[in-house]
Amino acid sequence: MSSKAAPTSDIEAGSNCEALENVTWDGPEDPNNPYNWPESRKIAVGIVCSVSQLVTTMSASMIVPALDRILEDVGLGPSTGQIAFSVFFLGLGFAPFVVAPLAEVFGRKPVWLAGNIFYVFWNAMCPVGHSPALMIIGRLLSGSGASVGITLTGPVLADMYQAKDRGKAVAIAGLLPYLGPALGPIIGGVASQHLWWPWLFWILSIFDMAGLIIGYFVIHESYAPVLLRRRLEATLAETSKSPNDWKTSLHKTWDMIPSRLGPALRIPIKLLILHPSIQIIAFGTALVFGVYTLVLSTFAQLFQQAYHQSSTTASLHYIAIAMGAFACAQAGGPLMDLIWRRMKARRPDTEPTPEYRVPYMLFGIIPGVAGLFCYAWAAERVMHWVVVDIGAGVFTCGSFMFSQGLLAYLLDEFNNTQSASANAASRVGTYVLGFVFPIFAPELYSSMGYGWGTSLLGILLGVFGVLTILLLQLKGEKLRSRGREKVQGTVN
-12 MSSKAAPTSD IEAGSNCEAL ENVTWDGPED PNNPYNWPES RKIAVGIVCS VSQLVTTMSA
48 SMIVPALDRI LEDVGLGPST GQIAFSVFFL GLGFAPFVVA PLAEVFGRKP VWLAGNIFYV
108 FWNAMCPVGH SPALMIIGRL LSGSGASVGI TLTGPVLADM YQAKDRGKAV AIAGLLPYLG
168 PALGPIIGGV ASQHLWWPWL FWILSIFDMA GLIIGYFVIH ESYAPVLLRR RLEATLAETS
228 KSPNDWKTSL HKTWDMIPSR LGPALRIPIK LLILHPSIQI IAFGTALVFG VYTLVLSTFA
288 QLFQQAYHQS STTASLHYIA IAMGAFACAQ AGGPLMDLIW RRMKARRPDT EPTPEYRVPY
348 MLFGIIPGVA GLFCYAWAAE RVMHWVVVDI GAGVFTCGSF MFSQGLLAYL LDEFNNTQSA
408 SANAASRVGT YVLGFVFPIF APELYSSMGY GWGTSLLGIL LGVFGVLTIL LLQLKGEKLR
468 SRGREKVQGT VN
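Numbering (the numbering used here), first residue to last: -12 to 479.
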């Protein structure tokens, strides 16, 4: 761990002021360095950020059980109603291109707070007046606010945990975004039986506001360049020879921020366009999440139509998906750290690389595809519902593990530099496919059935998942080096 936080390239200056170049930590054991924070503080920060993610991502699917009532009251047709459901993912996908650079200029905490306030307001506005336009706009903008949790939780945990301990951090960061869409229909199904449907929106806003208030007191700024800038400000105030000297120096430092903010806002776009590793990771995570959201969007409908279950009973099957995500979080993090340590032990004299995460991805893609095929043909032949649930749970667990590995690879490559921007760049495709896949789900299953329709998705996931693993394992170091050169070349 370096005690100095100077930028290593011009592009990093988008999140650092030049005055920070000579500011360092007070040695490797400095308690102000987030790596050295007490474990209790790290856990508290991680829990609050992750629970906030859970609440906001539940918005993506909590309205599904009441969707027919919502469409009738608001005056939306089936096609427009599907857009109202899926447009939330567009907000999740594109807002991080603004959220991430802001967090790398102003810090994680203020951007996290502002984004959650934005979500609370627009999510609460969705049902007001039963307006179709306000419903769609509110869903889009509430998704934009919700993106702060998904964009920043991983980087915040990477700020606090070193690579050798990052498996459990990534498990925490990835668990709740997967649990949210799965738990949403369960809670929504129960709540919609007893409450007027607008309360589905208002309950989420109330709970997120509670998390926001707790986060204000619990979450500490973790981004090293921002912490070191604050140290610089304190040093200038203490060492100035006149009352105005430190203010002049401080103003010079802060005056640089507007000129840095523009380049910072371009960083995620440059990373996505120019960095091959991010393009590969973005494609892999997008395909996995697209298939996942397609399964989610048709899961309850399967049990209602093929098994003739009520909407409440059908929504309970989402527990299988939630259990798959939870099982992965419990086993995936320790397994990832174990593989990392063994890879390190085999090469004790070499610096660890992001490629140490690739073997773990195999433990995800294989059961993920197998579970999807199990789900496909159990549903097609209307086998006992337990078999369908097992297939869905195994698919969720495997796909989650694969995504965990991709996220860990990304955080290792961009550790303490542009991790938030890299995360934003890698996720735009994720939520675009999360928006698109559910729209063509009815046509897919009406023409091919659950068996062949889902098998087609399984084949695509298996082929491109293995291709992603091979590219990162065999060409990863070369692609990362080429990406760094291209990105730096645009600003040098």
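Glycine is no exception: its CB is placed at the ideal position from the N, C-alpha and C atoms.
- Could you work out which residue in E208, L259, R28, L223 is closest to K473 when comparing CA atoms only? Stepping through the sequence shown from its first residue, residue 473 is reached at position 486. Nearest of E208, L259, R28, L223 to K473, Cα basis: L259.
- Range covered by the alpha helix (DSSP H) that runs through T140: Locating residue 140 in the sequence shown gives position 153, counting from the first residue. Note, T140: alpha helix (DSSP H), 119 to 147.
- Item | Contact the region 124 to 134 vs the region 203 to 217: 3+ CB pairs below 8 Å | no
- Item | Residues of its chain near Y305, where Cβ-Cβ distance is below 6 Å and the 5 sequence neighbours each way are ignored | On the sequence shown, residue 305 is found 318 positions in, with the first residue counted as 1. Its chain contains A169, P172, I173 as the residues whose beta carbon lies nearer than 6 Å to that of Y305, once the 5 sequence neighbours on both sides are disregarded; these appear in chain order.
- Would DSSP call C315 helix, strand or coil? As a working note, residue 315 is residue 328 in the sequence shown. Three-state DSSP puts C315 in a helix.
- Assign C36 to one of three DSSP states: helix, strand, or coil. In the sequence shown, counting from the first residue as 1, residue 36 sits at position 49. C36 falls in the helix class under three-state DSSP.
- Query: Just how far apart, CA to CA, sit E430 and A366?
  - Reply: Against the sequence shown, residue 430 aligns to sequence position 443. Against the sequence shown, residue 366 aligns to sequence position 379. The alpha-carbon atoms of E430 and A366 are separated by roughly 17 Å.
- Message: In whole angstroms, give me the CA-to-CA distance for E342 and A293.
- Response: Taking the first residue of the sequence shown as position 1, residue 342 is located at position 355. Taking the first residue of the sequence shown as position 1, residue 293 is located at position 306. Looking at the two C-alpha atoms, the distance is approximately 44 Å.
- Item | C361 - containing alpha helix (DSSP H), residue span | By 1-based counting over the sequence shown, the position of residue 361 is 374. Where C361 is concerned, the enclosing alpha helix (DSSP H) stretches over 345 to 367.
- How many angstroms separate the CA atom of G80 from the CA atom of A269? For this step, residue 80 is matched to residue 93 along the sequence shown. For this step, residue 269 is matched to residue 282 along the sequence shown. About 11 Å.
- Query: Just reading off the alpha helix (DSSP H) that T340 is part of, what are its end residues?
  - Reply: Along the sequence shown, one-based indexing puts residue 340 at 353. From DSSP, T340 is part of no alpha helix (DSSP H); its letter is neither H nor E.
- Message: Can you tell me whether P97 is buried or exposed? The criterion is at least 16 other CB atoms within 10 Å of its CB, across all chains shown.
- Response: The sequence position of residue 97 within the sequence shown is 110, counting from 1. Counting the other CB atoms within 10 Å of its CB gives P97 a total below 16, which places it among the exposed residues.
- Taking just the CA atoms, how far does G452 sit from L458? As a first step, residue 458 is located in the sequence shown; it is residue number 471 there, counting from the start. As a first step, residue 452 is located in the sequence shown; it is residue number 465 there, counting from the start. Looking at the two C-alpha atoms, the distance is approximately 10 Å.
- Query: Do G351 and F389 come within 7 Å of each other at the CB atom, strictly closer than that value?
  - Reply: Looking up residue 389 in the sequence shown gives position 402. Looking up residue 351 in the sequence shown gives position 364. Contact flag set, yes.
- Item | Cβ-Cβ separation, I426 to S73 (assumed contact under 8 Å), whole Å | Against the sequence shown, residue 73 aligns to sequence position 86. Against the sequence shown, residue 426 aligns to sequence position 439. That pair is a contact at about 6 Å.
- Determine the direct distance from the alpha carbon of T299 to that of G14, and round the result to whole angstroms. Here residue 14 corresponds to residue number 27 of the sequence shown, with the count starting at 1. Here residue 299 corresponds to residue number 312 of the sequence shown, with the count starting at 1. In a straight line, the C-alpha of G14 is about 57 Å away from that of T299.
- Query: Where in the region 29 to 102 do unbroken runs of the alpha helix (DSSP H), each at least 4 residues long, occur, reported from the N-terminal end onward?
  - Reply: 54 to 61, 65 to 81, 83 to 93
- Tell whether a beta-carbon distance below 7 Å holds between G271 and C384. Within the sequence shown, numbered from 1, the residue matching residue 271 stands at position 284. Within the sequence shown, numbered from 1, the residue matching residue 384 stands at position 397. Cβ atoms of G271 and C384: not closer than 7 Å.
- Classification of Q481 by the beta-carbon crowding that lies within 10 angstroms, buried from 16 upward: No statement about residue 481 is possible, as the shown extent of the chain runs from -12 to 479 and does not include it.
- Message: Between the alpha carbons of V345 and L41, how many angstroms are there, rounded?
- Response: Locating residue 345 in the sequence shown gives position 358, counting from the first residue. Locating residue 41 in the sequence shown gives position 54, counting from the first residue. Using only the alpha carbons, I get a separation of about 27 Å.
- Message: Comparing C-alpha positions only, which one of V38, G136, T340, S433 sits nearest to F194?
- Response: Mapped onto the sequence shown, residue 194 falls at position 207. With respect to the C-alpha of F194, the residue from V38, G136, T340, S433 having the closest C-alpha is V38.
- Inter-residue Cα distance where the pair is L261 and P250: The count along the sequence shown starts at 1 and reaches residue 261 at position 274. The count along the sequence shown starts at 1 and reaches residue 250 at position 263. Cα to Cα, L261 sits roughly 15 Å from P250.
- Query: Leaving out five residues before and five after Y347 in sequence, what residues of the same chain have Cβ atoms less than 6 Å from its Cβ?
  - Reply: Position 360 of the sequence shown holds residue 347. Within the same chain, Y347 has close Cβ partners M323, I326, G392.
- Message: By the three-class DSSP mapping on this structure, what secondary structure does W109 have?
- Response: Along the sequence shown, one-based indexing puts residue 109 at 122. It is helical.
- Task: From the DSSP output, in three-state form, read off L322 for me.
- Result: Residue 322 sits at position 335 when you count from the first residue of the sequence shown. Here L322 sits in helix by DSSP.
- Item | Check whether V35 and I201 have beta carbons under 7 Å apart | Taking the sequence shown and counting its residues from 1, one reaches residue 35 at position 48. Taking the sequence shown and counting its residues from 1, one reaches residue 201 at position 214. Cβ atoms of V35 and I201: closer than 7 Å.
- Under the rule that 16 or more other beta-carbon atoms within 10 Å means buried, what is W183, buried or exposed? Position 196 of the sequence shown, counting from 1, holds the residue named residue 183. W183 counts as exposed, since fewer than 16 other C-beta atoms from the protein chains shown sit within 10 angstroms of its C-beta.
- Message: Rounded to whole angstroms, what is the Cα-Cα separation between I353 and G449?
- Response: Start at 1 with the first residue of the sequence shown, and residue 353 comes out as number 366. Start at 1 with the first residue of the sequence shown, and residue 449 comes out as number 462. So the alpha carbons of these two residues sit roughly 8 Å apart.
- Rounded to whole angstroms, what's the CA-CA distance from T44 to V419? Just pull it up for me. Within the sequence shown, numbered from 1, the residue matching residue 44 stands at position 57. Within the sequence shown, numbered from 1, the residue matching residue 419 stands at position 432. Computed Cα separation, rounded: 15 Å.
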